[in-house]
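Accompanying notes for the structure given below.
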Amino acid sequence: MNKIQKLGCACEAPNSDYTEYRSSELGIDEANGRHAEVSIQQCKLCQRIWVFYSVEFEGFSQSGRWYKGIVSKKDRPNITPQNAVEFLESLEWYVYGGSYFKGTGIFGHGKLNVDL
């Protein structure tokens with residue numbers, strides 16, 4: 049399990065806003081027909097790096113869900129769209145939300161719910 053220290057920065061808040069980050073697309077995770085968007089975000093305040101995973105299933109209302117977790121600079125080059133779920137599941141904690149969960153964000157850990 050990857051231990052991540054909380055610093056008290058706004059980026060750790062479950063309801064942080066996308067404008068608080070610089071973002072770059074990493075690619076699409078097509079596993080199990082998900083077509084999930086994976087990006088890297090960097091907090092403008094504390095400079096920490098996050099992997100952001102977002103999936104929504106067309107034709108299914110309330111299916112949108114996203115997950116974000118902190119990535120160390122050492123681990124960042126190893127993150128790909130194909131292993132982002134595995135990486136997030138290995139973290140001590142991550143933040144998740146979306147219409148599927150009926151919430152703006154919750155702290156979680158363990159298995160991600162990314163399939164129908």
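Residue numbers (the numbering used here): 49 to 164.
All C-beta atoms, glycine included, are put in the ideal place defined by N, C-alpha and C.
Because the structure is a prediction, the values reported are computed rather than measured.
Subject >> N-terminal and C-terminal residue of the alpha helix (DSSP H) that V103 is part of >> reply: No alpha helix (DSSP H) holds V103; the beta strand (DSSP E) holding it covers I97 to V103.
Original post:
So, using beta-carbon positions, are V133 and Y101 closer together than 8 Å?
Top reply: yes
Original post:
Just curious, the beta strand (DSSP E) that A84 is in, first and last residue?
Top reply: A84 to C91
**OP:** For my contact list, W98 and I118 are in at a C-beta cut-off of 8 Å; report their separation, rounded to the angstrom.
**Re:** 6 Å
**OP:** Pick out whichever of E78, C91, A84 and R82 has its Cα sitting closest to the Cα of G56.
**Re:** Among E78, C91, A84 and R82, the Cα nearest to that of G56 belongs to C91.
Subject >> Same chain, Cβ closer than 6 Å to G151, neighbours up to 5 away in sequence not counted >> reply: G145
Original post:
Using the beta-carbon count (16 or more within 10 Å), is G156 buried or exposed?
Top reply: buried
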